[in-house]
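Structure first, commentary second.
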Amino acid sequence: MRSTLTTRNAALPGRTVPGTNGASTRAARGTVISYHGTEPENALIPGHTTESGGVKVIAALFRGLVSYDPVDAHPRNAVAESITTTDSTVFTIELKRGWTFHDGTPVTASSFVDAWNHTAHGPNKMQAASFLAHIEGFGEVNAPDSTVTELSGLKVVDDHTFVVTLSAPFSEFLVTLGCSAFFPLPKAFFDDRAAYEAHPIGNGAFRFVSRELEKNILLERYEGYAGEDKPQIGGVDFRIYADLGDAYHDVVADRLDYLDVTPFWALEGSRYLDDLPNRTYDRTYLGIQTITFPLYDPRYADRRVRQAISMAIDRVKLIDKIFQGHQAPSDGLVPPAVSGRAENQGGELCSYSPARARELFEASGFEGDIELTSNIDSPNQPWMEEVCASVTETLGVRCRFVSIPTLGEFRRRLNAQEVTAVFRSGWIADYPSIENFLSPMFRTGASDNVGRYSNPAVDALLTAADTAPTSEQAWDLYQQAERAILQDMPTVPIWYQSTLSAWSTRLRTVQPNPFRELDLYSVTVAEQDDTSGARAARRRRRRRPEGLPARKVQAGSAGAGRSR
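Counting from 1, position 146 in the sequence shown corresponds to residue 276 in my numbering; the numbering is continuous, with no gaps.
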């Protein structure tokens, strides 16, 4: 297996690449940077935001009890002064003084408790409610017609102290507390929700200015932010793009400052190296790409079929052909840098083993064709067609790709169990724990268990891991559960997600975090004279006489990461 680390030349994260004028840069503190975005599904309410377009805006507007380090994702206290427990069941949380919401009201213990109660209450239909499921009283409060509005496991002691009691020990609870489902809400939300939705009020480093649907969300730096990690920029303009290619062209032309992920075609022939010299960063983040079987279709009931398809996929060939080597083949369900991860959990089942794959497939007696499906409003078709080609070549069965036009339609069909093809799936961590890559997708009845997988032995292992007295003991049980899931192979791991992010010539100290987002607290902007040379170089390239070769110019400082 390839290393998940690339071997290309790189600067250390947060530092300046030598020879690119970085020494002369100073933060332009009043400057608003533009950041590629997608239209959030819902209003900007932390407990109702679970998709990436909304989560990265929420992360700028709010700060939770803990935050995650932008380099390795380890949790560290933010609003919390301390979080203590002796039994992983009862947690006493004390808050730091001086934190305020953007309307000037204080952040108190009730700000967290009221927000969590609202998220958990079933009739409110909050999408992130399941993250609170470990708290005592969740089942009663979360019932669709519940009249109980307060979790019995939450008690406010005073303005800066509250106690959380879980229904059973959960050693990973502290790690989860940086997830947006656990963010606080101001009193203004409960007084007038419609007014809040029109003008969200958080407690984070940036406050809301304006929003135009399908166009942009504008935030400005909040000078009253109480965190130690003060941002160096004046604000963020999240620009909504329907087409990733348009965003790529805009960042190349310096019309967009930051792009989380470049389109796969920019990797072909290393095009991005010419388009974006010294302005990209390639890293594996806390995500995995998979395909999942619709286990409500009896054709996929035999796990030998599922195992055979996994071993029929030449992951290395796929990654080299489609992504020019910019992904890392999966050896299990949990990516690197996640606490509790063990290497090579899948063994042969996650490797290209054509002889064994054919043996299992023939023994299963599978009849008919194999279909793969995905939405095609993002670039999924090429790699899924390559998966089909590998399956056909190895197993001798016809495999074809069936497209679904949009992500919305794809999700609707999945939720209605109308999809009978093997479907594209995947996961980006909500928090950096092995538990987050197992329980939401593979526990019976879990919210993201779209393929309807169920194994009582796996459920028992996950429950035992949740209630283990220490993280180390929990990790061992989660790893046992992972191996059992991989034997069943309800979901086929393909690769650990890697992203090639890109930025404009004026950004400095660029640090993409492990959740595939820009660290807005460390990024800086060069003063105007520091980018004038790069602009002049682009003008010279545009105006060069026909027939003369373009002169390659190093445009600005990469500032961080694996520079190109």
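Beta carbons are placed, not taken as given, at the ideal position from N, Cα and C, and that holds for glycine.
Endpoints, the alpha helix (DSSP H) within which residue i is located
| i | result |
| --- | --- |
| D404 | 401-405 |
| P170 | Element bounds for P170: n/a, residue is neither H nor E. |
| I188 | 182-191 |
| E327 | 323-328 |
| F303 | 303-306 |
| E539 | 537-545 |
| E612 | 601-618 |
| Y583 | Taken as a continuous stretch (DSSP letters only), Y583 belongs to no alpha helix (DSSP H), as it is neither H nor E. |
Assigned secondary structure, residue i (DSSP; H/G/I helix, E/B strand, else coil)
| i | result |
| --- | --- |
| P570 | helix |
| Q362 | coil |
| C480 | helix |
| Y430 | helix |
| I564 | helix |
| N247 | helix |
| Q419 | strand |
| V294 | strand |
| C529 | strand |
| F368 | strand |
| D412 | strand |
| L650 | coil |
| N207 | strand |
| K255 | coil |
| F242 | helix |
| F553 | strand |
| V196 | strand |
Nearest neighbour of residue i, chosen from the options [CA to CA]
| i | options | result |
| --- | --- | --- |
| P361 | S628, G526, P586, L650 | L650 |
| I564 | A590, L416, I443 | L416 |
| V220 | F292, Y402, A587 | F292 |
| G375 | W395, G267, Q617, P599 | W395 |
| R636 | Q609, V655, Y626 | V655 |
| Q419 | E497, V517, F338 | V517 |
| K226 | T216, D233, V237 | V237 |
| R323 | P512, A173, V201 | A173 |
| N333 | D618, P205, G228 | G228 |
| S601 | D507, Y426, R471 | R471 |
| T279 | E302, S301, H248 | H248 |
| D596 | L568, M619, V622, Q617 | L568 |
| V382 | P407, E358, D199, E398 | P407 |
| E501 | I452, Y198, I439, R486 | I439 |
| V468 | G184, V305, M256 | V305 |
Per-residue burial, residue i [other beta carbons within 10 Å of its own, 16 or more giving buried]
| i | result |
| --- | --- |
| Q547 | exposed |
| K345 | exposed |
| N510 | buried |
| G167 | buried |
| V715 | Examination of residue 715 is not possible in this model, given that the chain is present from 131 through 694 alone. |
| K186 | buried |
| W557 | buried |
| R530 | exposed |
| A666 | Since pLDDT at A666 reaches only 45, below the 50 mark, its modelled position is unreliable, and the value read off the structure follows with that caveat. A666 should be labelled exposed. |
| S400 | exposed |
| D390 | buried |
| D412 | buried |
| A690 | The predicted position of A690 is uncertain, since its pLDDT is 29 and thus under 50; a value taken from the coordinates is nonetheless stated next. Counting Cβ neighbours within 10 Å, A690 comes out buried, since at least 16 surround it. |
| R638 | buried |
9 Å Cβ cutoff met for residue i and residue j
| i | j | result |
| --- | --- | --- |
| I331 | T295 | no |
| R528 | D499 | yes |
| S631 | Y371 | no |
| Q454 | S628 | no |
| P714 | L315 | Outside the modelled stretch of the chain, which goes from 131 to 694, sits residue 714, for which no answer is possible. |
| V196 | L284 | no |
| R552 | I443 | The residue asked about is misnamed: residue 552 is Val in this sequence, not Arg. The answer is no: Cβ separation not under 9 Å. |
| C480 | D450 | no |
| G194 | S310 | yes |
| Y583 | I615 | yes |
| F368 | E350 | no |
| D507 | L544 | no |
| P644 | P570 | no |
| T392 | Y626 | no |
| A203 | G357 | no |
Endpoints, the beta strand (DSSP E) within which residue i is located
| i | result |
| --- | --- |
| K447 | Looking at the DSSP string, K447 is not in any beta strand (DSSP E); the run it does join, the alpha helix (DSSP H), is 445-453. |
| A505 | The question names Ala, yet the displayed sequence has Asn at residue 505. Where N505 is concerned, the enclosing beta strand (DSSP E) stretches over 500-505. |
| S628 | 621-633 |
| F221 | 220-225 |
| L425 | Looking at the DSSP string, L425 is not in any beta strand (DSSP E), and its letter there is neither H nor E. |
| L349 | 346-351 |
Residue i CB to nearest heavy atom of the ligand ATP below 8 Å
| i | result |
| --- | --- |
| P644 | With respect to the ligand ATP, the structure shown offers nothing to examine, as it has no ligands at all. |
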